[in-house]
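Below is one structure; the comments refer to it alone.
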Amino acid sequence: MTYQAPSTKETHSIVTIDVSPDRVPRHIGIIMDGNGRWAKQRGLPRLAGHSAGTEKIEEIVQAASDFGVKVLTLYAFSTENWGRPSTEVSGLMRLVAETLNRELEAMKQQGVKFQHSGSLAEIEPDLAQLIRHGVEETKENDKIVLNIAFNYGGRAEIVKAVQEIVAAGISAECITEALIDEHLYTAGLPDPDLIIRTAGEFRLSNFLIWQAAYAEFYSTPIFWPDFTSEHLAAAIRAYAKRERKFGMIK
Ligand code: FPP
209 MTYQAPSTKE
219 THSIVTIDVS
229 PDRVPRHIGI
239 IMDGNGRWAK
249 QRGLPRLAGH
259 SAGTEKIEEI
269 VQAASDFGVK
279 VLTLYAFSTE
289 NWGRPSTEVS
299 GLMRLVAETL
309 NRELEAMKQQ
319 GVKFQHSGSL
329 AEIEPDLAQL
339 IRHGVEETKE
349 NDKIVLNIAF
359 NYGGRAEIVK
369 AVQEIVAAGI
379 SAECITEALI
389 DEHLYTAGLP
399 DPDLIIRTAG
409 EFRLSNFLIW
419 QAAYAEFYST
429 PIFWPDFTSE
439 HLAAAIRAYA
449 KRERKFGMIK
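For the sequence shown, our numbering gives the first residue as 209, with consecutive numbering after it.
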């Protein structure tokens, strides 16, 4: 069966994946890497790379949705990213705020359910409120979940889960994987089937480290600002050929 998604705005070509629906990953996580190198190659400031990277998000969400993906988690800002220069941090915060303001109406129309994984406690109150508002306004949508990992760290997420469980007075013998799942930011979402990392790196970098236990990993040398729906289709095709055994024998 063939699925079609509009390609880049420039070409308006059609991208097909030619993958049967049961081989399409339900949940894809993307580590959007290479913005800085993309900018450096062009003699531009790093923020220009983040800005170009932000511009790609709409195309990739649309393509993922058209390909039949149900959840797309994008790693937008890690708990470690606070260590970057303050101009880069504030620039990233501004980009997220501008994008949410600009795209909320389109997300509502296109059936995108916006979610957030991470802590809002350290986020400037207006932006935190904007994120909460986006989540609330799109909560009835069901075409695709766009989960933004923002001020997110996988280890911090597990610590949070353990703290909540202990605070609830739950005894040791009642602690199960399912219970920990319920206390993660991603509670209610399926585990990622496929993790894509751009810019040629092969690391998880604290991204969905619990949830990705059995995810397939795909690395592409393409820098995130150059990543298109065709690259996403290629990753899905590669995933569809993998044999997943979940530790068992076929
Ligand atoms: C990694 O590239 C990228 C980031 C740390 C930030 C990614 C964020 C965006 C694309 C903006 C997100 C916006 C919204 C609306 C969710 P890098 O800077 O580490 O690249 P480098 O390794 O080449 O230096």
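Quick reminder that beta carbons are idealized off the backbone N, C-alpha and C, glycines included.
I think residue i touches residue j, with their Cβ atoms under 8 Å apart; what is that distance to the nearest whole Å?
i      : j      : result
Ile239 : Ala284 : Actually they do not touch by this definition, with Cβ atoms about 10 Å apart.
Phe435 : Lys248 : Their Cβ separation, rounded to whole angstroms, is 17 Å, which puts Phe435 and Lys248 out of contact at 8 Å.
Ala272 : Ile352 : 6 Å
Asn349 : Val320 : 6 Å
Leu312 : Glu345 : 6 Å
Gly361 : Glu288 : 7 Å
Gly237 : Pro400 : 4 Å
Ala260 : Pro433 : 4 Å
Thr406 : Ile378 : No, Thr406 and Ile378 are not in contact; Cβ-Cβ is about 39 Å, not under 8 Å.
Asn359 : Glu330 : 6 Å
Note down, in chain order, each residue of its chain lying with its Cβ closer than 6 Å to the Cβ of residue i, except the 5 sequence neighbours on either side.
i      : result
Tyr393 : Ser325, Glu365
Arg452 : none
Glu409 : Asp241
Leu354 : Val269, Leu280, Val320, Phe322
Leu397 : Val279
Arg231 : Ala448
Ile388 : Ala369
Ile404 : Ile238, Tyr426, Ala443
Gly244 : Arg254, Gly257
Leu336 : For the record, residue 336 in the displayed sequence is Ala; it is not Leu. Answer for Ala336: Leu328, listed in chain order.
Gln318 : none
Trp246 : Gly257, Phe431, Pro433
Ser413 : none
Ala376 : none
Using a Cβ-Cβ cutoff of less than 7 Å, which residues in the same chain neighbour residue i once the five nearest sequence positions on both sides are dropped?
i      : result
Thr262 : Leu303, Thr307
Pro461 : For residue 461 there is no data in the structure shown, the boundaries of the chain being 209 and 458.
Gly299 : Leu255, His258
Phe225 : The residue you asked about is not Phe; residue 225 is Ile in the sequence shown. These residues qualify, in order along the chain: Tyr211, Phe275, Ala441, Ile444, Arg445.
Trp290 : Val297
Ile383 : Ile373
Leaving out five residues before and five after residue i in sequence, what residues of the same chain have Cβ atoms less than 8 Å from its Cβ?
i      : result
Phe454 : Tyr422
Arg234 : Val277, Lys278, Val279, Pro398, Asp401
Glu332 : Met301
Asn309 : Leu338
Lys458 : Glu451
Lys347 : Lys321
Phe415 : Gly237, Ile239, Tyr283, Ser286, Ala357, Tyr360, Gly362, Ile403
Asp334 : Ala305
Lys316 : Glu345, Thr346, Asn349
Asp295 : A small fix is needed here, since residue 295 is Thr in this sequence, not Asp. Answer for Thr295: Leu255, listed in chain order.
- Query: Is the region 254-264 in contact with the region 413-427, if contact means three or more CB pairs nearer than 8 Å?
  - Reply: Touching, no, given that fewer than three Cβ pairs across the two stretches are closer than 8 Å.
- Any chance the region 424-432 sits against the region 444-454, with 3 or more Cβ pairs inside 8 Å? Cβ pair count under 8 Å is three or more, so yes.
- So, do the region 384-402 and the region 329-340 have three or more beta carbon pairs nearer to each other than 8 Å? No: the two stretches stay apart, fewer than three of their Cβ pairs being nearer than 8 Å.
- Query: Where in the region 382-419 do unbroken runs of the beta strand (DSSP E), each at least 3 residues long, occur, reported from the N-terminal end onward?
  - Reply: Considered as a whole, the region 382-419 harbours 402-405 as its complete beta strand (DSSP E) runs of no fewer than 3 residues, in chain order.
- Message: To test your reading of the DSSP string, which unbroken beta strand (DSSP E) runs of 3 or more residues are found completely within the region 268-311?
- Response: You should have 279-286.
- Item | Complete beta strand (DSSP E) runs within the region 306-388 (minimum length 3 residues, chain order) | 320-325, 352-360, all fully within the region 306-388.
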